[in-house]
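Here's the structure, in structure tokens; my notes come after.
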Amino acid sequence: MEPEATKKLRHSQKYPLMNKRFTKNDAGFTCQHCGRYVPPLLSSSRDHCTTCLYSLHVDINPGDRANTCHGLLVPIGITLNSKKGTIIHYHCDTCGAYHNNKAAPDDDFDAIIELSRNPLQYLYNVKSNDD
Ligand SMILES: [Zn+2]
Ligand SMILES: [Zn+2]
3 MEPEATKKLR HSQKYPLMNK RFTKNDAGFT CQHCGRYVPP LLSSSRDHCT
53 TCLYSLHVDI NPGDRANTCH GLLVPIGITL NSKKGTIIHY HCDTCGAYHN
103 NKAAPDDDFD AIIELSRNPL QYLYNVKSND D
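Taking my numbering, I'd label the letters of the sequence shown as residues 3 to 133.
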């Protein structure tokens with residue numbers, strides 16, 4: 003019998019890409035902006051509030067929770083990606099970094115529409131700073 007930790011380590015060595023780029027971390031949380039409880043998103047990782055769309059600066063790669071900033075990510079705009087669907091662009095209130103999240107199917111539609119009114123020029127600036 004080998005200890006559980008050794009097995010896990012082996013698994014992560016066997017599938018390094020899977021663990022590096024995307025960690026499924028689907029948990030409910032209370033929004034730090036509007037105070038509502040956001041239930042887990044069953045199909046993927048829940049990473050932002052469905053009501054006000056605010057998020058927290060906790061990930062480096064999606065779902066890894068490896069970022070120590072923990073600042074409030076303020077939604078600043080929306081772009082449409084042919085592969086990924088609706089992308090929400092964020093600006094971190096604490097460290098000033100730009101971040102993207104995929105919109106969830108149960109996000110508040112009015113909030114998405116409201117964000118999509120932001121000038122495109124602004125979004126292009128965001129995109130160039132994002133990588
Ligand atoms: Zn909220
Ligand atoms: Zn930050």
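For glycine and all other residues, C-beta sits at the position ideal for the given N, C-alpha and C.
Item                                                                                                                                                      : Value
Please return the same chain residues whose Cβ sits closer than 8 angstroms to the Cβ of Asn83, not counting the five positions on each side in sequence. : Ile89
Is it true that the region 90 to 109 meets the region 70 to 79, where meeting means three or more beta-carbon pairs spaced less than 8 angstroms apart?   : yes
Determine which residues share a DSSP beta bridge with Leu74 and list them.                                                                               : Leu58
Does the beta carbon of Ala208 fall short of 6 angstroms from some heavy atom of ligand 2?                                                                : Only positions 3 to 133 of the chain appear in this structure, which leaves residue 208 out of reach.
Quick one: residues with CB closer than 6 angstroms to any heavy atom of ligand 2, in chain order, please.                                                : His59, Cys71, Gly73, Cys94, Thr96, Cys97, Ala99
Are the Cβ atoms of Ser47 and Ile80 separated by less than 7 angstroms?                                                                                   : no
Where does Asp112 land, buried or exposed, given buried means 16+ other C-beta within 10 angstroms?                                                       : exposed
Name the DSSP bridge partner or partners of Leu82?                                                                                                        : Thr88
Determine the closest residue to His35 out of Ser57, Leu43, Leu44, with distance taken between C-alpha atoms.                                             : Ser57
Going by C-alpha distance, which of Leu55, Lys104, Cys94 is nearest Gly87?                                                                                : Lys104
Please report how far the alpha carbon of Leu55 lies from the alpha carbon of His93, in whole angstroms.                                                  : 12 angstroms
Under 6 angstroms, CB to any heavy atom of ligand 1. Which residues pass, going along the chain?                                                          : Cys33, His35, Cys36, Arg38, Cys51, Thr53, Cys54, Tyr56
Under the rule that 16 or more other beta-carbon atoms within 10 Å means buried, what is Asn63, buried or exposed?                                        : exposed
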